[in-house]
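To convert a position in the sequence shown, counted from 1, into our numbering, add 307.
Beta carbons are placed, not taken as given, at the ideal position from N, Cα and C, and that holds for glycine.
Every value quoted in this text rests on a predicted model; they were computed, and no experiment measured them.
The structure appears below as structure tokens.
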Amino acid sequence: MSGKIYWGSRLGVVLAVAGSAVGLGNFLRFPGVAAQNGAGAFMIPYFIALLIVGIPLAWAEWSMGRYAGTRGFHSAPGIFAALVRKKSAAFLGVFALLIPLMVYTYYVIIEAWCLGYAFHYLNGALMKGDNAEQYGTFFTTFTGAGAVGSALDTTATPILYFVIFTFVLNFGLIILGLNKGIEIVCKIAMPLMIFCAVCVLIRVLTLGSNPDWPGESVANGLNFMWDPDFSKLKEPSTWLEAAGQIFFSLSVGFGVIINYASYLRKKEDIALSGLTASTTNEFFEVCLGGLITLPAAFIFLGVAAGSFGTFGLGFNALPNVFALMPGGQFFGFLWYFMLFLAAITSSISMLQPVSAFIQEGLGVNRVTAATILAAMTGVGCSFTMYYSSGLGAIDTIDFWCGTFLIVVLALCQSIIYGWIFGVERGHEELRRGALIPVPKLVSYMLKYVTPVFLFVILIGTIADKGVYFERLTRSTDFLTLENDRIGSLDDLNGKVLALVEGTAAPDIGDSESEFTTRNFATLDQAMMALQSQEVAAVFGNRADLLAGMGDNQSLTLAEYEADTIARRSIMIILGALAILTLMVGIAVYRWTKLNKFIDFDSHLGED
């Protein structure tokens, strides 16, 4: 049928799906999570989650996507409507658009970090430090994590230029389309990623031992990464982290696979393709990420390597490792260039589902869809960059859209597949054109086991990440008191400056406040002292302030800044949700006028 879009080859779709899954989480998140949750023992819950949730749900998404694609739908709202056979089900697809859209708003920024680090290795700027603290300072300055708005200050950091370049590159590939853009870049990027990773791996495995710290060798580094601590299996958080890593890694519940699978022909294999894509991702994660990142860091940093978080390990610890490693400048460049390639195959996969919906739902061409999408993501990226202090916006959006909602969407998809679309129909779709046999047990697992497992994970996530909910419910009385008392930040700066110069006594505390009686040599010292004290000891009448704060007496200014960023991040997410819901409503109206809901089977594509 003319006008139909299909993948150019089975290899192309496999690499595209694998590329969407292979990303920063494979090389930075996985090693740290594994080391902190039982090391080798972590692989037990990890592979259980892979077999119970990861691969079955990936197969379900391949089946549902191809089924709806042969019936004329390539976006999540249309796919869900085709599966449920009710046009109102299209609104469930809003979450499959919201997740990749919002995750992109911070993922492209991290992608730009990787490109920036690769560039700074080329010019030698990242080989000048000699300790982790210096690289931590470089990271804070380069990413703008030190203060709100500092990421947009081009006089202090060039990160904005790297973000703009990466942003434009992503949309250039989206405009080129499925075959000439996404498929080609994945065919090039995936082998190149393997080449870069293997080069770095060989360098790491041939490092021997650190002469300054005898005993910290490659063998001990591998032992540190994989020596099993079975006691960790008794902790629920270990199982929660394992399941979360599988979701983060395979991109299930992300809205990407169902979109990619919708461009397959009716009898093209999805069983072996889905398994191959998942296996490719596991190779990158376990065999490459697990053998490079922490073992290399251990040789030079010892057991302290295990204390770094994802960003700390990737952008603070590893630069210190490359600085001490023979040939570190070259291998540092290879490493961050590889991370950039991994990130770009993931980021374009986040744009494609939303771009496909705009084209399909609003009836516009690819360039117009890309323009609309660029405007939407541009606002989100600007917000995320502006609220760069402590990476607060990234952290909040990552939790709600990159963790919480992914589990919610995966749970919805498992229920749709097992209880509405039906395991019989789903298994028949999975077996059609399959190059390997798929046990029917998989479909029944998706109906009974997977939803229960996902529900437990959802409850566990809520219980384990309570701070994200507290940030939304804590009292804002302090903010009102703060605004009433000091008027504005400029007013506060003036009062502190007056204190430093001795020209006036600042009206920011009562006689009990230690702050009003202290002398400071510089304005910076005064501001640091102000920010380090609890708010109850800084502003106004202490009794009135405590009464207004209620149970929040111990919260500091930094914590209130984090709460404020979290609330504003939620507002951005809700704003995007409202816009996408409106767009889905327009799409449903348009599809109704085009009679696409009259008989779904009338839209069957060619075999």
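Can you tell me whether residue i is helix, strand or coil according to DSSP?
i: Ser316; result: coil
i: His910; result: Note on His910: pLDDT 47, under 50, position unreliable in the model; the coordinate value appears next. Correct three-state label for His910: helix.
i: Ser524; result: strand
i: Val563; result: coil
i: Lys311; result: coil
i: Leu514; result: coil
i: Glu418; result: helix
i: Lys573; result: coil
i: Asn430; result: coil
i: Met632; result: coil
i: Val671; result: coil
i: Ser382; result: coil
i: Ser695; result: coil
i: Leu742; result: coil
i: Glu731; result: helix
i: Ile905; result: coil
i: Pro465; result: coil
i: Lys393; result: coil
i: Ser558; result: coil
i: Phe474; result: helix
i: Phe762; result: helix
i: Phe647; result: helix
i: Asn344; result: coil
i: Glu440; result: helix
i: Thr377; result: coil
i: Pro543; result: helix
i: Arg825; result: The pLDDT assigned to Arg825 is 45, lower than 50, so where the model puts this residue is not dependable; a value taken from the coordinates is nonetheless given after this. Looking at Arg825 - three-state DSSP - the assignment turns out to be coil, as it is neither helix nor strand.
i: Val756; result: helix
What's the gap between the Cα of residue i and the Cα of residue j?
i: Asp534; j: Val891; result: 50 Å
i: Ala550; j: Trp707; result: 16 Å
i: Val507; j: Val730; result: 44 Å
i: Ala526; j: Tyr424; result: 28 Å
i: Leu408; j: Ile665; result: 12 Å
i: Met878; j: Ile577; result: 39 Å
i: Leu459; j: Val470; result: 10 Å
i: Ile764; j: Arg373; result: 28 Å
i: Leu390; j: Ile893; result: 20 Å
i: Phe380; j: His427; result: 44 Å
i: Asn588; j: Tyr896; result: 39 Å
i: Ala676; j: Ala604; result: 44 Å
i: Ser654; j: Ile417; result: 10 Å
i: Ala504; j: Phe590; result: 11 Å
i: Phe762; j: Lys435; result: 49 Å
i: Asn902; j: Lys311; result: 18 Å
i: Thr652; j: Asn486; result: 14 Å
i: Ala649; j: Thr447; result: 23 Å
i: Gly697; j: Val455; result: 8 Å
i: Gly453; j: Thr377; result: 50 Å
i: Val593; j: Asn333; result: 8 Å
i: Ile489; j: Lys574; result: 22 Å
i: Ala375; j: Gly733; result: 12 Å
i: Cys421; j: Phe622; result: 9 Å
i: Ala255; j: Leu318; result: Only positions 308 to 914 of the chain appear in the structure, and residue 255 is not among them; the question remains open.
i: Phe776; j: Ala770; result: 10 Å
i: Phe638; j: Glu866; result: 39 Å
i: Ile362; j: Leu595; result: 20 Å
i: Ile880; j: Met692; result: 15 Å
Just to confirm my understanding: we take residue i, look at its own chain, exclude 5 residues before and 5 after, and list those with CB closer than 8 Å. What are they?
i: Ile359; result: Met752, Val756, Thr757, Phe760
i: Cys719; result: Leu399, Phe402
i: Thr899; result: Lys394
i: Arg778; result: Thr703, Ala869, Asp870, Ala873, Arg874
i: Gly597; result: Phe337, Pro338, Ala341, Met532, Trp533
Can you find the residues in the same chain that come closer than 7 Å, C-beta to C-beta, to residue i, ignoring five residues on each side of it along the sequence?
i: Thr710; result: Gly551, Thr768
i: Val320; result: Trp314, Tyr567, Leu571, Ser580
i: Ile406; result: Phe561, Gly562, Cys708, Leu712, Ile713, Leu716
i: Ile351; result: Leu540
i: Asp791; result: Any reading at Asp791 must be qualified, since the residue scores a pLDDT of 44, below 50, and its modelled position is unreliable; the value itself is stated next. Excluding residues within five positions, none has a Cβ falling inside 7 Å.
i: Thr617; result: Leu335, Arg336, Gly339
i: Gly330; result: Ala649, Ala650, Ser653
To which residues of the same chain is residue i closer than 6 Å at the C-beta, ignoring the five residues directly before and after it?
i: Ala396; result: Phe387, Ala388
i: Pro626; result: Leu433, Tyr442
i: Leu884; result: Leu405
Return yes when the C-beta of residue i is under 8 Å from any heavy atom of the ligand ZN, and no when it is not.
i: Leu540; result: The ligand ZN is not among the ligands present in this structure, which contains no ligands whatsoever.
Answer yes or no: does any C-beta atom of chain C fall closer than 9 Å to that of residue i?
i: Glu735; result: Looking at the structure shown, chain C is missing, and only one protein chain is on hand.
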